[in-house]
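> Numbering (the working numbering), first residue to last: 144 to 344. Glycine is no exception: its CB is placed at the ideal position from the N, C-alpha and C atoms.
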Amino acid sequence: MKNKNILKQKRKIFSFFSYLRDRKKIKYNRVLPLNEYLSNRWEKANYLQWGEGSNCYDNVYVFGDVQVGENTFVGPFCILDGGGGLRIGKFCSISAGVQIYTHNSVQWSHQGGGSLEYAPVVIEDYCYIGPNSVISMGVTIGKGAIVGACSFVNKNVPPYTKVAGCPARIISTNIGGNMKDINPLVCGGGGFLKSPSPLVA
Numbered sequence: 144m145k146n147k148n149i150l151k152q153k154r155k156i157f158s159f160f161s162y163l164r165d166r167k168k169i170k171y172n173r174v175l176p177l178n179e180y181l182s183n184r185w186e187k188a189n190y191l192q193w194g195e196g197s198n199c200y201d202n203v204y205v206f207g208d209v210q211v212g213e214n215t216f217v218g219p220f221c222i223l224d225g226g227g228g229l230r231i232g233k234f235c236s237i238s239a240g241v242q243i244y245t246h247n248s249v250q251w252s253h254q255g256g257g258s259l260e261y262a263p264v265v266i267e268d269y270c271y272i273g274p275n276s277v278i279s280m281g282v283t284i285g286k287g288a289i290v291g292a293c294s295f296v297n298k299n300v301p302p303y304t305k306v307a308g309c310p311a312r313i314i315s316t317n318i319g320g321n322m323k324d325i326n327p328l329v330c331g332g333g334g335f336l337k338s339p340s341p342l343v344a
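#1: Kindly confirm or deny that the region 187–197 and the region 205–220 touch, where touching means at least three C-beta pairs closer than 8 Å.
#2: Which residues bound the beta strand (DSSP E) around residue 192?
#3: I need the boundaries of the beta strand (DSSP E) containing residue 224, first residue and last residue.
#4: According to DSSP, is residue 307 part of a helix, a strand, or is it coil?
#5: Using a threshold of 9 Å, state whether the C-beta atoms of residue 183 and residue 202 are closer than that.
#6: Taking the alpha helix (DSSP H) that residue 149 falls in, what are its first and last residues?
#7: Thinking C-beta only, is residue 268 closer than 9 Å to residue 232?
#8: Going by beta carbon distance, what residues of the same chain come within less than 6 Å of residue 305, once the five residues before and after it are set aside?
#9: Thinking C-alpha only, which one of 246, 297, 238 is nearest residue 270?
#10: Kindly list the residues whose CB is nearer than 7 Å to the CB of residue 323, restricted to its own chain and excluding five residues on each side of it in sequence; keep chain order.
#11: Which residue's Cα is closest to the Cα of residue 242: 204, 156, 230?
#12: Would you identify the three-state DSSP class for residue 252, choosing helix, strand or coil?
#13: Determine the extent of the alpha helix (DSSP H) in which residue 180 is found, giving its start and end residues.
#14: Would you mind reading off the limits of the beta strand (DSSP E) that contains residue 207?
#15: What's the gap between the Cα of residue 266 and the Cα of residue 151?
#16: Note down, in chain order, each residue of its chain lying with its Cβ closer than 8 Å to the Cβ of residue 296, except the 5 sequence neighbours on either side.
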């Protein structure tokens, strides 16, 4: 009898998750990890006291002092290290797998101890950070800048500049001098950050 009850409860749980998955697939044409069906990206951002309209996947790691402006998107599997202070502006898109560090443990490891180095990172308004990029401590990424996928950014990026590579190098400058040019790049072409409902997880 006990085993039958356990199996019955398992079926109920699987049925519930199947319902959530089917509903998400039908409504938004997406299939997510199970934990994302039970979380709300806007609620998490609100809990972190980020700006209005910002959202953050449940599997994003957030450490220390991380300040985020309004209508900013933080994709899945990101690491936001605010140990040395991290500020991200409004209408930024932080793509999947981005890692932002405000500390450096190289010297600590190499010398077998000692204190860690810290320096703040600033990402100004209207920036796009491509997937799987790494931003190192002490970097400022200027307004309207674009960082290509899989880049390692260890130097400041001027405003309205496109960089890419490992380490990141300037690809082009004066991009999107008109904000109408830059917004489609930041907002995925359809301005998805303006309307949270299509992205509800």
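Taking the structure as given:
#1: yes
#2: Start at 1 with the first residue of the sequence shown, and residue 192 comes out as number 49. Per DSSP, residue 192 lies in no beta strand (DSSP E) and is assigned neither H nor E.
#3: For the purposes of this step, residue 224 is taken as residue 81 along the sequence shown, with counting starting at 1. Residue 224 -> beta strand (DSSP E) spans 222–231.
#4: On the sequence shown, position 164 is the one that residue 307 refers to. Residue state, collapsed to three classes: strand.
#5: As a working mapping, residue 183 is identified with position 40 in the sequence shown. As a working mapping, residue 202 is identified with position 59 in the sequence shown. No, the Cβ-Cβ distance between residue 183 and residue 202 is not below 9 Å.
#6: For the purposes of this step, residue 149 is taken as residue 6 along the sequence shown, with counting starting at 1. Taken as a continuous stretch (DSSP letters only), the alpha helix (DSSP H) holding residue 149 covers 145–171.
#7: The residue you call residue 232 lines up with position 89 of the sequence shown. The residue you call residue 268 lines up with position 125 of the sequence shown. Their beta carbons are under 9 Å apart, which means residue 232 touches residue 268 by this criterion.
#8: Locating residue 305 in the sequence shown gives position 162, counting from the first residue. These residues qualify, in order along the chain: 289, 314, 315, 318.
#9: Your numbering for residue 270 matches position 127 in the sequence shown. Ranking 246, 297, 238 by Cα distance to residue 270 puts 238 first.
#10: By one-based count along the sequence shown, residue 323 stands at place 180. Legend: pLDDT at residue 323 = 49, less than 50; position of this residue unreliable, value from coordinates given subsequently. Counting only Cβ-Cβ distances below 7 Å, and skipping sequence neighbours, we find nothing.
#11: Here the question's residue 242 lines up with position 99 in the sequence shown. Its Cα nearest to that of residue 242, the residue 204 stands out among 204, 156, 230.
#12: Within the sequence shown, residue 252 is the residue found at index 109, counting from 1. The answer is helix: DSSP assigns residue 252 an H, G or I state.
#13: Indexing the sequence shown from 1 puts residue 180 at position 37. Here the alpha helix (DSSP H) through residue 180 covers 177–180.
#14: In the sequence shown, the residue the question calls residue 207 occupies position 64. Per DSSP, the unbroken beta strand (DSSP E) holding residue 207 starts and ends at 204–211.
#15: The residue labelled residue 266 in the question sits at position 123 within the sequence shown. The residue labelled residue 151 in the question sits at position 8 within the sequence shown. Between the alpha carbons of residue 266 and residue 151 lies a gap of roughly 50 Å.
#16: The residue given as residue 296 occupies position 153 in the sequence shown. Within the same chain, residue 296 has close Cβ partners 276, 277, 278, 279, 282, 284, 290, 306, 310, 311.
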